[in-house]
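Residue numbers (my numbering), protein chains in the order written: chain A, 1 to 324; chain B, 325 to 597. Built from N, CA and C at the ideal position, the CB exists for glycine as well. These numbers come from a predicted model, not from an experiment. For reference, the structure is listed below as structure tokens.
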Amino acid sequence: MRFKVIINACSPVFLRRVEEVCAFIDAHKTLFRVNHYTDAEALVFYSQEDVEEQLAEKLPFRKIKLIKLKHYQPEPILYALEELEGQNPADLYIFTGDLAGNELAVRFASRMKSSSLVAVEKLDRQQGNMIGSKKVYSGNLLGSFHFIKKPYCLSLARGMNRIETSLPRQKKNINYFDYSTYNDERVPVQCREISKTEEQCFDKAQFVIAVGRGAGNREAVAHLERISRQLGAELGVSRPVVMNAWAPLNRLIGASGNVIAPDICLALAVSGSPPFYYGIENSKLIIAVNTDKEAPLVKAADLVIIDDYKVIIEELCKLIVKSN
Amino acid sequence: MRVLVPFKIVADLDLLRGKKWTITNNRPEDPAFVKKIINPYDESALELALKLADNCNKHGLETELHALTIDKKQADLFLKKLIATGYNLASRFDCAVDLQFNPSAKAALIAAYLEKFGPFDLIIMGMQSSDEDNAKTPYLTAEETGWPCISGITGFNGCETGSIRVFSVNDQGTIEQTIHPPYILVVGNAPNAYLRIPTLKAIKTAAEKEIKIINLETFNITPDQLNTKVDPDLIDLVAVDNSRKSLLIEGPSAEEKVSLLYDKYLKGRLSSL
Ligand SMILES: Cc1cc2nc3c(=O)[nH]c(=O)nc-3n(C[C@H](O)[C@H](O)[C@H](O)COP(=O)(O)OP(=O)(O)OC[C@H]3O[C@@H](n4cnc5c(N)ncnc54)[C@H](O)[C@@H]3O)c2cc1C
Ligand SMILES: Nc1ncnc2c1ncn2[C@@H]1O[C@H](COP(=O)(O)O)[C@@H](O)[C@H]1O
């Protein structure tokens, strides 16, 4: 099966996405008929000046097309993909597990009049058919989808497994393309980065305190943020907390936010609906504190305390501070 | 400025949390019995469109807001409510074909609506429906219409000059772009964008207004044409099991429960972090 990988290196966290893609390829080696993720061919889009050598160094693929853009925009990427791949497409294209990956997978497939699936967790071949699995019904169910028309275009689910990657520079065959002069009067030239995604707060977090709507109000969340800092934990929140503007979006945990894997996840006043749980399920130890013993997180946690989170966190603080 | 907001009515799946799901012919039975809501991302899209209209009106710019859903009669109550919140027109595409997991067909219908009842300046959509989880319809609509789009929208403002400042969040960070319609704006996790509650008076007035019902004949589209658009095809559906040990820490007081938690499970772990 001829497959290629599409990477958006305009994003400061693209290496994380590359590691996810590589782990996905490694988990599907038999299906893709490759020995190693390095056998993949990659089309990599970037926009920063003079980063070609850095990219060439870091990208772990044998065959790389490095494609320069003015800045990240789906339109020039789709245009380039059509031009570079349209005549002789691969059988399958893997896009990354983020918004850009979703959009590009769907729109490229639409231009190729082919099949696309977003947030794929697994691929399989059944009776000659290619099947992709992904969560549906807000993470309650796993759906299997039969791809019909090639080239199949898929984006990965958010926060999939990662592996550390490397490949010596001399083993790479790199071709350079320049689409930075792509001109489309429909798309804005004015594009200002208000804040860049830095190394994400949860990347190295071993202890996360995850807070839900049951916290009650903005002040309570701010208080929990202070407590988290005091205890050496990172604060994560559920979607309603972000929607109520009690905490910023970069703190969101879940299928549409951060997928975390700390040693300890202390979940306070969060019900544990599947889209939230998706974000914490790789935690080693999940502790749920909830007043409702029927809350779904109660069954999906390792340890459970049924009580008011305010009293519990106060007591816990006392103990941790005392022992330090 | 004419704005179209395609939205979906879904079962409030949060109400099914922790329940066992029954699946028949690759469709879950349970959502049918649960209270219906506007898809959470679409609720934000609908409210952001109203905010944009408020802003335009303040600057003396006229707006016309259309809400559109492809659905059966169950949607009419919601459409009336949207008229009460300030939508000028609420339309329902009654296509009598099961379009679950068929985002291509939905995008084609949205594009057909646009062509017949346009021109529009903006389409504002949610980024994902909570049941199908396709996360595809807006992008397919962009391809159908040839309009550019921006995803991960958290808000937008300013329409004094006919251009709009759009804020979005993606892997890269938070980005501000100034766009000139036509555009498709795909709304993500947008803070402070719960749909406003209409006044009683507005609800009463809206009750007398007509909902626009359209069907496939209006567009000369046959159900077969929609069915051929299913790709990829859903072939299996199974429930996801998230259960863990779920050990209950009990004690006569909160203090004792925490003490047990700390001594037995946390102290060692915390000291090795
Ligand atoms: C497509 C889609 C994507 C989504 N993505 C995400 C996502 O990425 N992340 C996310 O979080 N959600 C996401 N959601 C929303 C998700 O479905 C739930 O609505 C949300 O996770 C619920 O958040 P919550 O648990 O904080 O709130 P609630 O469900 O309201 O739960 C609050 C909990 O607090 C408990 N409680 C109240 N007071 C106290 C107290 N004093 N002490 C202890 N416990 C108390 C209550 O018993 C309750 O269990 C998504 C939804 C959709 C449709
Ligand atoms: N039946 C529908 N009627 C109108 N708009 C829809 C419908 N289904 C999906 N949409 C729109 O498409 C977005 C993404 O849905 P989906 O591609 O199904 O995840 C939703 O947030 C809506 O804005």
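- Taking a Cβ-Cβ threshold of 8 Å, the residues of chain B close to Cys10 (chain A) are Gln496, in chain order.
- Gln206 (chain A) belongs to the set of residues whose beta carbon lies under 7 Å from a beta carbon in chain B.
- In the DSSP secondary-structure assignment, Val18 (chain A) is not bridged to any residue.
- Under the three-state reduction of DSSP output, Arg192 (chain A) falls in the strand class.
- Annotation for Val259 (chain A): no beta strand (DSSP E) segment contains it, and DSSP assigns it neither H nor E.
- Boundaries of the beta strand (DSSP E) harbouring Ser116 (chain A): Ser116 to Val120, taken from the DSSP string.
- Separation of Ser238 (chain A) and Ile253 (chain A) (C-alpha to C-alpha, rounded to the nearest whole angstrom) is 6 Å.
- About 20 Å separates the Cβ atoms of Leu123 (chain A) and Leu43 (chain A), ruling out a contact at the 8 Å cut-off.
- Taking a contact to require three or more Cβ pairs closer than 8 Å, the stretch 301-313 of chain A and the stretch 364-382 of chain B do not qualify as touching.
- From the listed residues B:Thr393, B:Lys404 and B:Asp457, the smallest Cα separation to Ile447 (chain B) is found for B:Thr393.
- For Gln501 (chain B), the number of other beta carbons within 10 angstroms of its own is at least 16, and it is reported as buried.
- Cβ atoms of Arg16 (chain A) and Arg162 (chain A) come within 8 Å of each other, at about 7 Å.
- For Cys265 (chain A), the enclosing beta strand (DSSP E) begins and ends at Ile264 to Leu268.
- Between the alpha carbons of Ile6 (chain A) and Thr96 (chain A) lies a gap of roughly 7 Å.
- Taking a beta-carbon distance threshold of 7 Å, Ser454 (chain B) counts as an interface residue toward chain A.
- If you check the C-beta of Arg213 (chain A) against ligand 1, you find a heavy atom less than 6 Å away.
- A distance criterion of 6 Å places the beta-carbon of Gly450 (chain B) in contact range of ligand 2, judged by its closest non-hydrogen atom.
- Gly486 (chain B) is outside the set of residues whose beta carbon lies under 7 Å from a beta carbon in chain A.
- Collapsing the DSSP output to three states places His146 (chain A) in a strand.
- Around Leu585 (chain B), the beta-carbon contacts reaching into chain A at under 8 Å are Ile287, Leu303, Ile305 and Leu316.
- Judged by the Cβ position, Tyr37 (chain A) fails to qualify as a neighbour of ligand 2 at the 6 Å threshold, every heavy atom of the ligand being at least this far.
- Under DSSP, Gln170 (chain A) shares a beta bridge with no residue.
- Rounded to the nearest whole angstrom, the C-alpha separation of Arg2 (chain A) and Arg33 (chain A) is 9 Å.
- With a threshold of 6 Å, the Cβ atom of Gly254 (chain A) counts as near ligand 1, since some heavy atom of the ligand is closer than that.
- If the five residues before and after Glu353 (chain B) are omitted, its C-beta is found closer than 6 Å to the C-beta atoms of Thr346, all from its own chain and listed in chain order.
- Inclusion of Ser453 (chain B) in the 6 Å shell around ligand 2 follows from its C-beta lying nearer than that to a non-hydrogen atom of the ligand.
- Residue environment: Gly479 (chain B) is assigned as buried (16 or more neighbouring CB atoms within 10 Å of its CB, all protein chains considered).
- Residues of chain B whose Cβ lies closer than 7 Å to the Cβ of Lys70 (chain A) do not exist; the shortest such Cβ separation is about 13 Å.
- C-alpha of Gly212 (chain A) to C-alpha of Lys65 (chain A): approximately 44 Å in a straight line.
- Neighbours of Cys265 (chain A) across chain B, judged by C-beta separation under 9 Å, do not exist; the nearest C-beta is about 11 Å away.
- Nearest in C-alpha terms to Leu406 (chain B), of all of B:Thr529, B:Leu433 and B:Leu385, is B:Thr529.
- Under the three-state reduction of DSSP, His223 (chain A) is assigned to helix.
- Here DSSP, grouped into helix, strand and coil, assigns Met130 (chain A) to strand.
- Per DSSP, Val242 (chain A) is not a residue of any beta strand (DSSP E); the alpha helix (DSSP H) it occupies stretches across Arg239 to Met243.
- Per DSSP, the beta bridge partners of Tyr93 (chain A) are A:Lys4 and A:Cys153.
- Put simply, the stretch 270-287 of chain A does not touch the stretch 540-551 of chain B. Fewer than three CB pairs are less than 8 Å apart.
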